[in-house]
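1 is the number of the first residue of the sequence shown in the UniProt record's numbering; add one for each residue after it.
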Amino acid sequence: MSQDSRQVPWSDSYDEWRADAADPAFSEWLRSGSEPGWTAVVTHPFAASITRGLTPREDMRRYLVQDFQFVDAFTALLGAAVASADSFESRVPFGRFLGETATTEEKTYFHRALAALGASEADLTAPALEPVTVDFRALMDEARRSLDYPVILAVLCVAEWSYLGWASLAEEPPPGDFVHREWVELHEGPAFRAWVAFLRGELDRLGPALDARERARVLDVFRRAVRLELRFFDMAAGGQASPPAGPDVSGAPS
Ligand SMILES: Cc1ncc(CN)c(N)n1
């Protein structure tokens, strides 16, 4: 995937930006307005180590224990997307993906992977939350409570599109250990690509009709989610923060 498919300078006016952009999609405006943080997420060394099957067991366990708590709030957010989408056709993919997340990721992968990594029952049910997990859950809860469909889409789109970004950089052969291999497979392949295309398509459909204030709100949420993805991988890698990702993704509400 090209990380920068347009050459024109980014502008905080979507209308100004799209007039010259090679890809004028609203989702591309959000993504490119979240650089350099976006690229730092999809090329993060922790994600790369998963694709190569090289993540130390302890790091993978810490990551998945925290991510299981992420997935809980994420699943609730999918429910809010079902509730807030503006048509039946749009609700259905959320319902389908919600079912898959609840039955595939939650029921099988996390339980098998965490058992293989020696996690305890308490790690699954009541772990101590890392600060970034608390903050990410808070953003998802804020979006869920807003029942503002474009805002909900912004958070879901960052989570899924950025994961497709790093997973699609995986090279052959796949990791031998299922803990690494299946985590890559869950975020790659035709079905996951179609899901990300749907999320982007919804933002692309709705974004142009939003007024400037609403677009700025969606952009702010998108950037905050990118910043949290970066912090999440930093946490997983043992707390080593990535170099500052620039003013675009400071995490501060703008
Ligand atoms: C932190 C995080 N971001 C995104 C994903 C992809 N569902 C995830 N599992 N965890």
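The beta carbon of each residue, even a glycine, is placed where N, CA and C say it ideally should be. Predicted model, so just to flag it, every value in this text is computed and none were measured.
query                                                                                                                                          : result
Let me make sure I understand the geometry here. Which of Ala122, Ala209, Gly33 and Thr51 has the alpha-carbon closest to that of residue 320? : Outside the modelled stretch of the chain, which goes from 1 to 254, sits residue 320, for which no answer is possible.
Apart from the five residues just before and just after Phe110, which ones in its own chain have a Cβ nearer than 6 Å to its Cβ?               : Phe68
One question on the structure: do Leu169 and Val41 come within less than 9 Å of each other, judged by their Cβ atoms?                          : no
Three-state secondary structure (DSSP) at Pro247?                                                                                              : Low confidence applies here, because Pro247 scores a pLDDT of 42, under 50, leaving its location unreliable; read the following figure in that light. DSSP places Pro247 in helix when its eight states are reduced to three.
Quick check on the burial criterion: 16 or more other C-beta atoms within 10 angstroms. Buried or exposed for Ala236?                          : buried
From the DSSP output, in three-state form, read off Arg18 for me.                                                                              : helix
Tell me whether Val8 is buried or exposed, calling it buried when 16 or more other Cβ atoms sit within 10 Å of its Cβ.                         : exposed
In whole angstroms, what separates the C-alpha of Asp141 from that of Thr55?                                                                   : 30 Å
Quick one: Cα of Glu89 to Cα of Glu58, how far?                                                                                                : 42 Å
Ignoring anything shorter than 4 residues or poking outside the stretch 39-64, list the alpha helix (DSSP H) runs there in chain order.        : 45-51
With a CB to CB cut of under 7 Å and the five nearest residues on each side skipped, what residues in its chain are close to Pro208?           : Phe26
Suppose you measure from the CA of Thr62 to the CA of Thr108; what does that come to, to the nearest Å?                                        : The question names Thr, yet the displayed sequence has Arg at residue 62. Going by the C-alpha atoms only, they are around 18 Å apart.
In terms of residues, what are the limits of the alpha helix (DSSP H) holding Asp204?                                                          : Pro190 to Leu206
Given Val158, which residues of its chain have a CB within under 7 Å of its CB, disregarding the five upstream and five downstream residues?   : Phe222, Ala225, Val226 and Glu229
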